[in-house]
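*Asks:*
2 protein chains.
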Amino acid sequence: MPGATEQKIIDAAVRLFAAQGYDATSVQEIVAAAEVTKGALYHYFRAKDDLLFEIYRLLITSQSADMDRIIGLGLPAAETVREILVSLVVSTAERVDETAVFVRELQRLGEERMAEFRAERRRYHETFLAVIEKGQADGEFSSVVPADTVVRIAFGVVNQLPMWYRPDGAKPPVALAGEIADFVLAGLR
Amino acid sequence: MPGATEQKIIDAAVRLFAAQGYDATSVQEIVAAAEVTKGALYHYFRAKDDLLFEIYRLLITSQSADMDRIIGLGLPAAETVREILVSLVVSTAERVDETAVFVRELQRLGEERMAEFRAERRRYHETFLAVIEKGQADGEFSSVVPADTVVRIAFGVVNQLPMWYRPDGAKPPVALAGEIADFVLAGLR
DNA sequence: GTGAGCATACCGACCGGTCGGTAGGGTGGT
DNA sequence: ACCACCCTACCGACCGGTCGGTATGCTCAC
Chain L
1 MPGATEQKII DAAVRLFAAQ GYDATSVQEI VAAAEVTKGA LYHYFRAKDD
51 LLFEIYRLLI TSQSADMDRI IGLGLPAAET VREILVSLVV STAERVDETA
101 VFVRELQRLG EERMAEFRAE RRRYHETFLA VIEKGQADGE FSSVVPADTV
151 VRIAFGVVNQ LPMWYRPDGA KPPVALAGEI ADFVLAGLR
Chain D
190 MPGATEQKII DAAVRLFAAQ GYDATSVQEI VAAAEVTKGA LYHYFRAKDD
240 LLFEIYRLLI TSQSADMDRI IGLGLPAAET VREILVSLVV STAERVDETA
290 VFVRELQRLG EERMAEFRAE RRRYHETFLA VIEKGQADGE FSSVVPADTV
340 VRIAFGVVNQ LPMWYRPDGA KPPVALAGEI ADFVLAGLR
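As you go down the protein sequences, you meet chains L and D in turn.
Each residue of the first sequence is one higher than the one before, counting from 1 in this note's numbering.
Each residue of the second sequence is one higher than the one before, counting from 190 in this note's numbering.
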């Protein structure tokens with residue numbers, strides 16, 4: 001539960017990192033945007049990349065929880081896939097800036113933290129993969145296209161979403177999410 | 190038609206930008222990797238971001254040409270879509286580094302160049318969109334999912350490809366391309 | 001001799017991070 | 001009731017180092 005100052009710093013960092021990139025954003029810019037001082041920032045964070053770490057942690061934690069919750073419902077494969085995709089697209093649309101930073105600057109994490117995130121990401125990936133494979137094994141889905149390719153396609157759209165999605169666009173996120181889910185499910189018939 | 194020195198510089202820049210990011214790569218690193226000196230680099234390029242510009246230009250030019258060639262064949266919509274996707278996936282796999290840089294650092298281009306690329310990108314986008322819309326109008330494709338969403342999904346995978354594709358992986362690019370095309374076409378039935 | 005193709009030495013700006021210090025609110029001994 | 005003490009939160013000037021870019025001059029093919 002971050003305090004007000006801490007939160008202002010993270011919000012400003014997310015906004016600036018998304019708009020300009022991590023390296024192109026100076027600590028000075030962040031503190032100016034957050035209306036705090038450098039002293040305050042380094043009081044709460046040991047280094048600039050702790051900000052990145054924190055941004056990723058918040059995003060991943062909430063998305064993992066979403067997926068686990070949906071799988072816990074025990075729905076049929078098709079409905080599970082739909083629920084996962086809709087929730088993922090909607091939550092990504094809600095947090096485009098965080099996602100943009102995540103996708104673009106993942107590599108900037110140090111070795112150890114990188115490994116930690118890869119593991120979590122892999123788990124996330126494989127949970128979704130298992131749902132599709134089960135659907136294929138049960139005959140609910142077609143097996144023409146291998147499950148891992150389907151997963152790649154699905155995560156591909158989501159991760160690219162920050163490139164074109166605009167909150168003030170014509171299609172509300174939930175409509176978009178529905179279309180994407182429709183298309184993926186159509187491909188699995 | 191770049192000379193040998195110029196080409197060495199671009200190759201080194203692509204490799205380093207892909208591995209570390211644009212801002213995290215210093216001009217010193219580039220000239221060291223290319224085995225030239227700073228004088229040589231600034232003899233051929235006016236600024237560091239001219240390198241980015243050149244990388245993008247080479248990539249976009251060749252991909253646009255590929256797509257125009259395929260459309261020129263005048264095949265039925267389904268085959269056109271398949272050909273476009275396969276050629277795009279294969280050529281992206283051949284140039285993962287360029288694509289990674291392109292996707293990650295597009296924003297670093299200045300306003301004017303950015304506008305130029307957006308226009309070219311839009312044209313590319315809309316050419317593919319038109320193929321799908323025509324297929325839907327002719328009844329060859331289903332219209333359940335709007336064409337623009339299909340385009341977003343297709344380009345999503347391709348742009349994310351550098352994140353997971355490894356040239357030494359189990360699946361050769363052409364197999365991968367086939368699977369992706371199969372899936373997209375299945376979604377269009 | 002002259003211009004293309006480099007090499008080398010160097011510049012000022014700016015960057016992430018540090019550090020000595022302060023403001024103010026709680027706390028415990030008397 | 002009061003004050004000594006401390007601790008958290010924060011300030012902002014400053015530092016060493018690195019960065020993109022430049023100025024100048026050599027060399028060699030034509």
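Glycine included, every Cβ here is placed at the ideal spot set by N, Cα and C.
From a predicted model like this one, the values you see are computed outputs, not experimental measurements.
Give me the Cβ distance between residue 288 of chain D and residue 248 of chain D, rounded to the nearest whole Å; I'm assuming they're in contact under 8 Å.
*Replies:* Translated into positions along the second sequence, residue 288 of chain D becomes position 99. Translated into positions along the second sequence, residue 248 of chain D becomes position 59. Taking C-beta atoms under 8 Å as the contact rule, residue 288 of chain D and residue 248 of chain D qualify, at a distance of about 7 Å.
*Asks:* Per DSSP, what kind of secondary structure is residue 42 of chain L in: helix, strand or coil?
*Replies:* Numbered from its first residue, the first sequence carries residue 42 of chain L at position 42. Looking at residue 42 of chain L - three-state DSSP - the assignment turns out to be helix.
*Asks:* Against chain L, does residue 342 of chain D count as a neighbour if the rule is that its beta carbon must be under 8 Å from one of theirs?
*Replies:* Position 153 of the second sequence holds residue 342 of chain D. Answer yes: the Cβ-Cβ gap between residue 342 of chain D and chain L drops below 8 Å somewhere.
*Asks:* Would you decide whether residue 319 of chain D is buried or exposed? Buried here means 16 or more other CB atoms lie within 10 Å of its CB.
*Replies:* Position 130 of the second sequence, counted from the first residue, corresponds to residue 319 of chain D. Exposed.
*Asks:* Closest to residue 194 of chain D by C-alpha separation, out of D/209, D/218, D/224, D/356, would be which residue?
*Replies:* Reading the second sequence from its first residue, position 5 is the one you call residue 194 of chain D. That would be D/224, whose Cα lies nearest to the Cα of residue 194 of chain D.
*Asks:* Measure the CB-CB distance between residue 275 of chain D and residue 366 of chain D and report whether it falls below 8 Å.
*Replies:* Here residue 275 of chain D refers to the residue found at position 86 when the second sequence is read from its first residue. Here residue 366 of chain D refers to the residue found at position 177 when the second sequence is read from its first residue. Yes; because the gap between Cβ atoms is below 8 Å, this pair is in contact.
*Asks:* Could you list the residues in the segment 322 to 346 of chain D with a C-beta less than 8 Å from some C-beta on chain L, going in chain order?
*Replies:* 331, 333, 334, 335, 338, 339, 341, 342, 344, 345, 346
*Asks:* Thinking C-beta only, is residue 20 of chain L closer than 8 Å to residue 210 of chain D?
*Replies:* Your numbering for residue 210 of chain D matches position 21 in the second sequence. Your numbering for residue 20 of chain L matches position 20 in the first sequence. Their beta carbons are not under 8 Å apart, which means residue 210 of chain D does not touch residue 20 of chain L by this criterion.
*Asks:* Examine chain D for any beta-carbon lying closer than 8 Å to the beta-carbon of residue 28 of chain L, and answer yes or no.
*Replies:* In the first sequence, counting from the first residue as 1, residue 28 of chain L sits at position 28. Output row for residue 28 of chain L: interface = no.
*Asks:* Just checking, does the segment 133 to 146 of chain L make contact with the segment 321 to 337 of chain D on the three C-beta pairs under 8 Å criterion?
*Replies:* With the cut-off at 8 Å, the segment 133 to 146 of chain L and the segment 321 to 337 of chain D do not touch.
*Asks:* Could you have a look at residue 197 of chain D and say whether DSSP puts it in helix, strand or coil?
*Replies:* Locating residue 197 of chain D in the second sequence gives position 8, counting from the first residue. Assigned with DSSP and collapsed to three states, residue 197 of chain D falls in helix.
*Asks:* Evaluate the contact criterion for the segment 116 to 134 of chain L versus the segment 146 to 157 of chain L: three or more CB pairs, one atom per stretch, below 8 Å.
*Replies:* Contact holds: three or more Cβ-Cβ distances are below 8 Å.
*Asks:* When DSSP labels each residue in this structure, what does residue 109 of chain L get in the three-state scheme?
*Replies:* As a working mapping, residue 109 of chain L is identified with position 109 in the first sequence. Three-state result, residue 109 of chain L: coil.
*Asks:* Specify, as a first and last residue, the run of the alpha helix (DSSP H) that residue 174 of chain L falls within.
*Replies:* Along the first sequence, read from residue 1 onward, the residue named residue 174 of chain L stands at position 174. Residue 174 of chain L -> alpha helix (DSSP H) spans 173 to 187.
*Asks:* Within 10 angstroms of the Cβ of residue 370 of chain D, are there 16 or more other Cβ atoms? Answer buried if so, exposed if not.
*Replies:* Against the second sequence, residue 370 of chain D aligns to sequence position 181. By the neighbour-count rule (16 or more Cβ atoms within 10 Å), residue 370 of chain D is buried.
*Asks:* So residue 179 of chain L contacts chain D; which residues on that side make the cut at Cβ distance below 8 Å?
*Replies:* Taking the first residue of the first sequence as position 1, residue 179 of chain L is located at position 179. Think of a sphere of 8 Å around the beta carbon of residue 179 of chain L: the chain D residues whose beta carbon falls inside it are 334, 335, 338, in chain order.
*Asks:* From residue 281 of chain D to residue 164 of chain L, what distance separates their C-alpha atoms?
*Replies:* The residue labelled residue 281 of chain D in the question sits at position 92 within the second sequence. The residue labelled residue 164 of chain L in the question sits at position 164 within the first sequence. When rounded, the distance between both Cα atoms is 20 Å.
*Asks:* At what residues does the alpha helix (DSSP H) containing residue 338 of chain D begin and finish?
*Replies:* Taking the first residue of the second sequence as 1, we reach residue 338 of chain D at position 149. Residue range 336 to 353 is occupied by the alpha helix (DSSP H) that includes residue 338 of chain D.
*Asks:* Would a check of beta-carbon distances place residue 297 of chain D closer than 8 Å to chain L?
*Replies:* As a working note, residue 297 of chain D is residue 108 in the second sequence. Yes, residue 297 of chain D counts as interfacial toward chain L.
*Asks:* So, is residue 303 of chain D buried or exposed, given that buried needs 16 or more other C-beta atoms within 10 angstroms?
*Replies:* Sequence index remark: in the second sequence, residue 303 of chain D carries index 114 (1-based). Exposed, because fewer than 16 other Cβ atoms sit within 10 Å of the Cβ of residue 303 of chain D.
*Asks:* Which of the three DSSP states is assigned to residue 143 of chain L in this structure?
*Replies:* Residue 143 of chain L sits at position 143 when you count from the first residue of the first sequence. If DSSP states are grouped into helix, strand and coil, residue 143 of chain L belongs with coil.
*Asks:* Near residue 227 of chain D, what residues of its chain come up, given a Cβ to Cβ distance below 8 Å and the 5 sequence neighbours on each side ignored?
*Replies:* What you label residue 227 of chain D is simply residue 38 of the second sequence in a count that begins at 1. So the qualifying residues of the chain are 216, 217, 220.
*Asks:* Give the range of the alpha helix (DSSP H) segment to which residue 218 of chain D is assigned.
*Replies:* Start at 1 with the first residue of the second sequence, and residue 218 of chain D comes out as number 29. Segment 216 to 223, the alpha helix (DSSP H) holding residue 218 of chain D.
*Asks:* Could you list which residues in chain L have their beta carbon closer than 8 Å to that of residue 213 of chain D, in chain order?
*Replies:* The count along the second sequence starts at 1 and reaches residue 213 of chain D at position 24. Correct list: 23, 108.
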